[in-house]
Ligand code: 6PG
């Protein structure tokens, strides 16, 4: 796979199928090579179809779930039972349906902590889990917002211009509700071996065009800040989301 690969498929259904195939492949290779597969799940609605596919045959039986460790790219700062919770969505569509070990599910804390304490705790959890190696996810799944945000990294966030050393951050006034969110930073994302964007629908077409065709400016287009240091970026798009891209762009 090239450092930045773009795949355009017919529609959201085929997008989920292609994403599931790749997810299974990354998982198998990671477990073969390193004995475990560490993946950060995306929130929002796009990945739900992927997660449901992974929770059913053939993926339910083919993926070595006992060696899978699940993290989150971002989380809304709400109760885990809140319908807005990314953890709740992941549990309902995937985690409650596969034999993953509960100890291998690492959610952002959102109960009995402040957002700042939650971000600090998750940063410590990541470093402790990966040490002595640096934090390097085998796969990070990401979505894309109509404003080219990704995870909970939104345009205008000054931290995007000067990525600090932290792996997590708190967002207090997110333009996409709910307003308080926790997120991996670009530093954490860019340490990944593979980042896979899943984007479908015409509502994302302008954002996709801007990410691929406008000058790199992560402050204005956060998804442009995703450039893994030694990893790869895979964009899975459906035709609607890619409709402003020339075939060769
Ligand atoms: C979130 C996501 C967010 C999402 C995009 C796309 O928690 O909201 O992390 O970054 O991936 O906004 O959302 P949809 O998949 O719902 O279009």
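Residue numbers (my numbering): 1 to 249.
The beta-carbon is built from N, C-alpha and C at its ideal position, and this holds for glycine as well.
Since the model is a prediction, treat every value here as computed from it, not as a measurement.
Worksheet item: Among 108, 75, 18, 187, which residue has its Cα nearest to the Cα of residue 137?
Response: Closest by alpha carbon: 187.
Practice prompt. Identify whether residue 78 lies in helix, strand or coil by the three-state DSSP scheme.
Written response: coil
Worksheet entry | Rounded straight-line distance, which links the Cα of residue 131 to that of residue 176 | In a straight line, the C-alpha of residue 176 is about 34 Å away from that of residue 131.
Item to complete: Determine the DSSP secondary structure at residue 250, reduced to helix, strand or coil.
Response: No information on residue 250 is available, as it lies outside the stretch 1 to 249 that the chain covers here.
Discussion item. Helix, strand or coil for residue 31? Go by DSSP, reduced to three states.
Written reply: helix
Fill in: Through-space distance from residue 28 to residue 250, alpha-carbon basis
With the chain running from 1 to 249 in the structure shown, residue 250 is simply not present.
Worksheet item: Residues bridged to residue 69 by DSSP?
Response: 38
Discussion item. Please determine whether the Cβ atom of residue 13 lies at a distance below 6 Å from any heavy atom of the ligand 6PG.
Written reply: no
Worksheet item: residue 147 by DSSP, collapsed to three states: which one?
Response: coil
Worksheet item: Contact check, residue 237 vs residue 6 under 8 Å by CB: the rounded distance?
Response: Right, their Cβ atoms sit about 7 Å apart.
Worksheet entry | Straight-line Cα distance separating residue 38 from residue 231 | Whole-angstrom Cα-Cα distance: 14 Å.
Worksheet item: Are there 16 or more other CB atoms within 10 angstroms of the CB of residue 149, so buried, or fewer, so exposed?
Response: So residue 149 ends up on the buried side.
Practice prompt. With a threshold of 6 Å, establish whether the CB of residue 42 neighbours any heavy atom of the ligand 6PG.
Written response: yes
Worksheet item: Looking at C-beta atoms only, is the number of pairs between the region 155 to 171 and the region 209 to 221 that lie closer than 8 Å three or more?
Response: yes
Worksheet item: Is it right to say residue 202 is buried, meaning 16 or more other beta carbons lie within 10 angstroms of its own, or is it exposed?
Response: exposed
Worksheet item: Run through DSSP, which three-state label would residue 15 get?
Response: helix
Worksheet entry | Meets three-Cβ-pair contact criterion under 8 Å: the region 54 to 64 and the region 109 to 129 | Not touching, per the Cβ criterion.
Discussion item. Check for me: the beta strand (DSSP E) holding residue 136 runs from which residue to which?
Written reply: Taken as a continuous stretch (DSSP letters only), residue 136 belongs to no beta strand (DSSP E), as it is neither H nor E.
Discussion item. So the candidates are 245, 178, 17, 69; which of them puts its Cα closest to the Cα of residue 102?
Written reply: 69
Discussion item. Quick check: is any heavy atom of the ligand 6PG less than 6 Å from the C-beta of residue 227?
Written reply: Taking the Cβ of residue 227 as the reference point, every heavy atom of the ligand 6PG lies at 6 Å or farther away.
Item to complete: Put residue 214 into one of helix, strand or coil per three-state DSSP.
Response: coil
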